[in-house]
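A.B. asks: Protein chains in written order, with the numbering used here: chain A, 1 to 408; chain B, 1001 to 1274; chain C, 2001 to 2232; chain D, 3001 to 3374; chain E, 4001 to 4534. A virtual CB, placed ideally from N, CA and C, is assigned to each residue, including glycine.
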Ligand SMILES: Nc1ncnc2c1ncn2[C@@H]1O[C@H](COP(=O)(O)OP(=O)(O)OP(=O)(O)O)[C@@H](O)[C@H]1O
Ligand SMILES: Nc1ncnc2c1ncn2[C@@H]1O[C@H](COP(=O)(O)OP(=O)(O)OP(=O)(O)O)[C@@H](O)[C@H]1O
Ligand SMILES: CC(C)C[C@H](N)C(=O)O
Ligand SMILES: [Mg+2]
Ligand SMILES: [Mg+2]
């Protein structure tokens, strides 16, 4: 038989990010196993190559290089944090690899070699705010985030957006905390004060990872419940909830493109497979796992379509590939290497699951360049030939930066 | 650079016992002058209105009961302890209270500690090398070279302190008495104007004591020496003028005979039968 | 009381004690003498177990083989040690320093024996001061006091007079004498100062470069011996 | 003078010989052999080795202050990162208008966060000489100010260690902030070229590797020069008995400051060479745990030997590379176990195992001086 | 508050219905209809359905509404049968018939259609339930119902409230109702007399009402409202200060707890224990484990975790001591290295054995929520317990170190090991005991932290640096120093936070530590004297 198709898996299995990323590694292994059982692709088996970048950003670059140069993988699924993606990006581009990135992120990026299967801000943040504004009637906003790029960018976009919607500056409170912040007393108390001005208030949380547990705990203890001041989070999913006593959190919100509780056959099958694979009855699924599921299937389809694993051929073939997602719809790879996704708002339930309370009527196309940032509102990305440009300026009609290099 | 070298070389012509020309101004009398010095620790007065003058070239013995404040006095002179009140002058120009330990040391005050302290991870030879009088600023130290003359000087001192065989041994393995000697050697290398020697003969044999006594008496005259010791035999053999400290101030001062017949001194210090 | 037979000791490569023999008869004061660095302190450390001997035996009270015992058990047998260089616990108060010895007392008493304070009144005066703050001589007194707290049968003193004012040195000598007489204490003393040794010791032993070169009643410590072994 | 002395030493000669031979072998195997040859050294390996050498230089810098001066710096990562950021800023400016937004002056992250102009501290970094000077000056200056304050007040032992840790921790938090203008958590990345050489070519990579090798050699000789000079012995004296050294007339604080600053600058150089090779600099280099890890390399290799630091750094990082690939789920057990076993069974580190300890310059294990040497 | 009018009508209905409420039972077909309507209407329409259900007088209505509010009212997809889910964990759920209450056993989640609820509805439901509660015989439910009325009284309700006040027996309920009414009158009617009632009130709705009054064009009203507002502001400032202080102390006590074990292992024994954080982690995991062992009794489990957490961490400490530390006597620096290795191993161990994910530790009832001092100041209970716990642990440790022989012996051993042994102190035993003690205390910290923060493999790392800072800031080897340092740093941090934000506050605290150490190179309580200065 032919050589196997090598699939690189670049997720931290140790260090601070292991908490989120290790499940994604297992998801990939499961998907590969299933695909192999179904005969592989083009008659070739798939072979996973797992490495541990240990939550260390330079190590991500090193491992990516190792995967591409040494192990000669055909595709990489990996990364969680944006910084790790930024770190591997030059490597992937230089060695012309393929990377599927499964996590929501701040946008403002489009690489020929990267496929963004997680949400861009317009696929998560903006719809969530719309929901709060229109359905809940929120007038006062707390934008609380961990102090780094993703929250800063998202909040910048939201701030512009909210102001454009007529929200007064004094009705927006922005607050940043360090990574792993664990003492939320003062901030929660501030939020409480901010929210007691008589207008409906909501918190839009871009608080990252470990800081969430103490945050929600403090909310509960200071007696803020979802009916008073709802919190909508962009990075709290089923997996994070499995580490929190959700009793006091019922009703707080999260915006994602997938929830484990979604009532769809594809989802039930995926969950069953996952439970069987992990052997844990209480194993949970979450949004980035779905993103990998979609990304993997898209890759499979693209390879079939191209008839080869050649990177350039796959890159061309994958645009337009449509595969079912787990919420009963279809995800399509767009020319800007982002995919179409439905946006779901869920409320936390006492069993650690979300109950969907709202959802976009149709899927939303991921936007690489936000329309609400002055620097990028004129940019679009289209990797189809002949344009082949990640940051085409529609006003000046030129392709910025990278393409200029390629053209030289 | 060459200027530095020249500077460094110039003093090599001197024999190591001859002190370097020091900036101390002794034309107006004593080399060391303590006036009304007091210091207390958590309310305990260790030094109490102490007045003391040491003349240039003098060899002074200081005795006194345990805890009288002898070591503390040395701490004050060398800048280790800051007194609460009083003034301390080195010659008539230098107010020691405004100076840091290294400054005081480079003015020409050397000290041997009561508990021998040497650099245990360095060899005996290196201990002496570091103590050697030289430009002790950072860059000169970095560029310093050990020329033949320096070596000779070190050898000479090694001879004097009887540690020639152990020159390459780490100072950490020396026996107690050997460390005492090494410290004396370091003091010699420093060529200070004023030597403060705290219990030099503790742990030495009778004969070594004699040698030490001899050494100290040769030093006196050219250098000023202050010795603290409890061994009366030793003190007697070197003493010209003896000061007795008690509870932080001077109890008696005079020749050995005067002092040892002083009733208070007998009572608090010597005991009846000495 | 203590019988040392043919012990050899090495610091790494260097052979420090050679085939050393020494007898410390019960109820007497035996004084070990020798120049700097001949191995006196090393010998004491071997007895206390702080250094291990390569060969030979050390027998305590006719029956106990010390070389097999752990350090902490030796003091339980009733050996008190005043090391050279004081080795007090600098950050413990004077009283706490003394109390460290209480654990091994046979009578299980929790009080520091009166005698210690009687002997060294300064310790009582300064009981709440940190050991390390004391003057050198006071520390030495503390070290001796601490060894007395355990009420030893054998007291090892390594240059106890060092740094102590003359009248107290004399007093220490008297105490040694009393203890020997009244309590049947045995003393092993390292001392350089001849007058003191002559006055309070019953026997002497001279070491030279790790070997015992002379031994006998203190009266037998002749000037000739001194000249030969104690001067350079 | 003091710099040439180490060259005459056997141990330095051996070290340099081994280092240069390794550089040569790698170069030859990389250039001369075809890619499919089993002995061919790939560009990937070359970069990896280059990274190890950066770490080695960093470890040497730490060993200088820790091994010989007794200052256990738990914040050397800060100097490394500062050097790295200086280089990163230069590389960012070199991107010019090739960035995604095509802004000729502002780096991408500033454009999308809506910065209008370059902050003042970014000025000048478009000039190589300035940036390279900053590689030395930024860490050097920080070390100077910090060291001046700390040594002047005679902060020693753990107190010093912990405030170095506080320093790097504070810097980490500061650099995380987007407002600081250093790219926040995402750091600086997407570098294109260095001094006109395209960073994404194998030739540049080899060049950087060789440059790092040479830097390590120079750094080693400088450190060796210091420790074999009289100043080195004074350092050891400060390490073991600081107060006593003062009474000999040495200004301990100045000695400490001098060596500390040199060490910080070496760390900065290591950081600067590291950044173009790994392609990113981000605040995690400031993380206290990274700084502790550096100390662990040194201790593992053998403290107060310099070459031990090199061995430790290379070995630990090589082990990391291999183990994270071979046993991704369990490599921390292996690494943790390695740390434990080496400490327990090889008190002098690996260097102590391989080389007969000459005259032990290692610190004395005297209970009285423990506190001082911590 | 669009729903309040509905509410007040409901109140009328309820008050009429109350006595005979329980008797009525509607026909099942009607119930079926109501529930179907609930299931099939949009969120916007559900409100009306809910009210219909509440007003139906069916004795099962309350149960339906409660299950509906907690997402447990559902329908079997295939049969359309209405059910109440009694256990919704995992893939198969236990259910009972919503109409008959009959147990139906387990159903796969796939076959169950939950009737969706959202926040707005849930709020509504709570209000409905609480308005019913205004008539409840239970005084405390009346009180909380009355409190929720503040700010949501409307004209219809305003007519009824005076009557309620009159018949109300309990004074606090009366006061709450009066205030609720006053808020309405000030805000909506500009009633000057009611302003008086609100003066000094700390309720935020009262403040909003006064603010509104201040904007009115009746100068008299404005003056009165301004005056009332001023008095409120003064009170508020005081309360704010008290609150900040409390926050500071509670953060400080967390720091103290985290650091105090280290004050023993590091401060007293001199072991630079990088695995300290992981020992804390073990304590936290013990709490989790205990709660797994005793499902349904989180409180008991938590209390049992105190000894258990201590033991587990202490045992781990003994193992570390015996396998690693004992070989590093006299090499304090190497302990840093080895324990760093140990910490890596422990972390990974937890990842492999338990899970890389955070674990849920439940806060028992009696520890959640807060005690209300007044409406502007409430003290969160879990923090209150932690403060108390920290003090108790500190006192206990102090006792052991000061009053037992162990305290003396361990200090003697660390200061001069051989000499201590020569004095007959069993150094090995002392080492083991002390290290176990320090580790055990770390375990206790873990038990407490499990109530505040994540229980996960990274728990330790997030506290280790802070712990070292605290110990060093306080002065190594001084327990009082650790206490004071922890509390000081905590308070400073909380004082700074409102000014400069959390990130800068943290940076500033670090800078402060650096500067402070310049001033006092040996911490808050330095070891003084000759010995320390060397
Ligand atoms: N830092 C300190 N804290 C408290 N007491 C101190 C301190 N330093 C010295 N003392 C006390 O001051 C007194 C003087 O001590 P000092 O060491 O000067 O005595 P000394 O004359 O040298 O005695 P000795 O002959 O025993 O060496 C002693 O009682 C000592 O306990
Ligand atoms: N730890 C050690 N390592 C190597 N050699 C040592 C060590 N300790 C002592 N020595 C050497 O062993 C010899 C004996 O030392 P010891 O301390 O027993 O001498 P001593 O007779 O007590 O001398 P003193 O009269 O000076 O106290 C000395 O030459 C010393 O250098
Ligand atoms: C929200 C985060 C968990 C992911 C995001 N892409 C980042 O910047 O790290
Ligand atoms: Mg003294
Ligand atoms: Mg001796």
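Straight-line CA distance for residue 3360 (chain D) to residue 4455 (chain E)?
C.D. replies: A caution first: residue 3360 (chain D) carries a pLDDT of 41, below 50, which makes its placement in the model unreliable, though a value can still be read off. One C-alpha to the other measures close to 46 Å.
A.B. asks: Measuring alpha carbon to alpha carbon, tell me which residue in D:3325, D:3028, D:3234, D:3113 is nearest residue 152 (chain A).
C.D. replies: Among D:3325, D:3028, D:3234, D:3113, the Cα nearest to that of residue 152 (chain A) is on D:3113.
A.B. asks: Using a threshold of 9 Å, state whether the C-beta atoms of residue 4464 (chain E) and residue 4274 (chain E) are closer than that.
C.D. replies: Yes.
A.B. asks: Is the CB-CB distance between residue 105 (chain A) and residue 118 (chain A) below 9 Å?
C.D. replies: Yes.
A.B. asks: Comparing the CB of residue 2045 (chain C) with every heavy atom of ligand 1, is any distance shorter than 8 Å?
C.D. replies: Result no, Cβ not under 8 Å from ligand 1.
A.B. asks: Taking residue 152 (chain A) as the query, report the chain D residues whose CB atoms sit under 8 Å from its CB, ordered along the chain.
C.D. replies: 3113, 3178, 3184, listed in chain order.
A.B. asks: How many whole angstroms separate the CB atoms of residue 4412 (chain E) and residue 2100 (chain C), which I take to be in contact at a CB cut-off of 8 Å?
C.D. replies: Sure, about 5 Å apart at Cβ, within 8 Å.
A.B. asks: Return the residue from the list B:1090, B:1082, B:1230, B:1138 that minimises the CA-CA distance to residue 1053 (chain B).
C.D. replies: Closest by alpha carbon: B:1090.
A.B. asks: Grouping DSSP H, G and I as helix and E and B as strand, with all else coil, what is residue 2088 (chain C)?
C.D. replies: Coil.
A.B. asks: Alpha carbon to alpha carbon, how far is residue 4357 (chain E) from residue 356 (chain A)? Give it in angstroms, no decimals.
C.D. replies: Rounded to whole angstroms, residue 356 (chain A) to residue 4357 (chain E) spans 24 Å at the Cα level.
A.B. asks: Can you give me the C-alpha to C-alpha distance between residue 2004 (chain C) and residue 1211 (chain B), rounded to a whole angstrom?
C.D. replies: Taking the straight line from one Cα to the other gives about 34 Å.
A.B. asks: For residue 2231 (chain C) and residue 2182 (chain C), I'd like the C-alpha separation in whole angstroms.
C.D. replies: Each residue's alpha carbon lies about 36 Å from the other.
A.B. asks: Determine, using beta carbons only, whether residue 1149 (chain B) comes closer than 9 Å to chain D.
C.D. replies: It does not; no Cβ of chain D falls within 9 Å.
A.B. asks: How long is the line joining the alpha carbons of residue 211 (chain A) and residue 77 (chain A), rounded to whole angstroms?
C.D. replies: If I take the Cα positions, the gap works out to 26 Å.
A.B. asks: Less than 8 Å between the CB atoms is what I'm expecting for residue 2053 (chain C) and residue 2007 (chain C), so what's the real figure, rounded?
C.D. replies: Contact holds; Cβ gap of about 4 Å.
A.B. asks: If you measure from the beta carbon of residue 80 (chain A) to each beta carbon in chain E, is any gap under 9 Å?
C.D. replies: So no, residue 80 (chain A) is outside the interface.
A.B. asks: Relative to the C-alpha of residue 3137 (chain D), which residue among D:3188, D:3264, D:3018, D:3191 is closest?
C.D. replies: Cα-wise, what sits closest to residue 3137 (chain D) is D:3264.
A.B. asks: Out of E:4373, E:4208, E:4282, E:4329, point me to the one whose CA is closest to residue 4428 (chain E)'s CA.
C.D. replies: The option with the nearest alpha carbon to residue 4428 (chain E) is E:4329.
A.B. asks: Between D:3350, D:3344, D:3317, which lies nearest to residue 3301 (chain D) when the distance is taken from Cα to Cα?
C.D. replies: Nearest of D:3350, D:3344, D:3317 to residue 3301 (chain D), Cα basis: D:3350.
A.B. asks: Give the DSSP bridge partners of residue 1071 (chain B), in chain order.
C.D. replies: Looking at the DSSP assignment, residue 1071 (chain B) forms no beta bridge with any residue, so it has no partner.
A.B. asks: Does residue 2193 (chain C) get closer than 9 Å to chain B when you measure Cβ to Cβ?
C.D. replies: Cβ-Cβ to chain B under 9 Å: yes for residue 2193 (chain C).
A.B. asks: Are there 16 or more other CB atoms within 10 angstroms of the CB of residue 134 (chain A), so buried, or fewer, so exposed?
C.D. replies: By the 10 Å Cβ count, residue 134 (chain A) comes out exposed.
A.B. asks: Jot down the residue ranges of each uninterrupted alpha helix (DSSP H) in the stretch 3286-3347 of chain D, minimum 4 residues, whole runs only, in chain order.
C.D. replies: List check, alpha helix (DSSP H) in window: 3288-3301, 3307-3326, 3331-3345.
A.B. asks: Using a C-beta to C-beta distance shorter than 7 Å, which residues of chain D count as neighbours of residue 75 (chain A)?
C.D. replies: Neighbours of residue 75 (chain A) on chain D: none; closest Cβ ~18 Å, over 7 Å.
A.B. asks: For residue 2164 (chain C), verify whether its CB is less than 8 Å away from any heavy atom of ligand 1.
C.D. replies: Yes, Cβ of residue 2164 (chain C) sits closer than 8 Å to a heavy atom of ligand 1.
A.B. asks: Answer yes or no: does any C-beta atom of chain A fall closer than 9 Å to that of residue 3324 (chain D)?
C.D. replies: True, the Cβ-Cβ gap to chain A drops below 9 Å.
A.B. asks: For the 8 Å Cβ check, are there 3 or more pairs between the stretch 4404-4421 of chain E and the stretch 4283-4293 of chain E?
C.D. replies: Too few Cβ pairs lie closer than 8 Å, so no.
A.B. asks: Would you kindly check if the distance between the Cβ of residue 14 (chain A) and the Cβ of residue 4347 (chain E) is under 9 Å?
C.D. replies: Yes, they are a contact pair.
A.B. asks: Which residues in the same chain have their Cβ closer than 7 Å to the Cβ of residue 3202 (chain D), if we skip the five residues on either side of it in sequence?
C.D. replies: Around residue 3202 (chain D): 3043.
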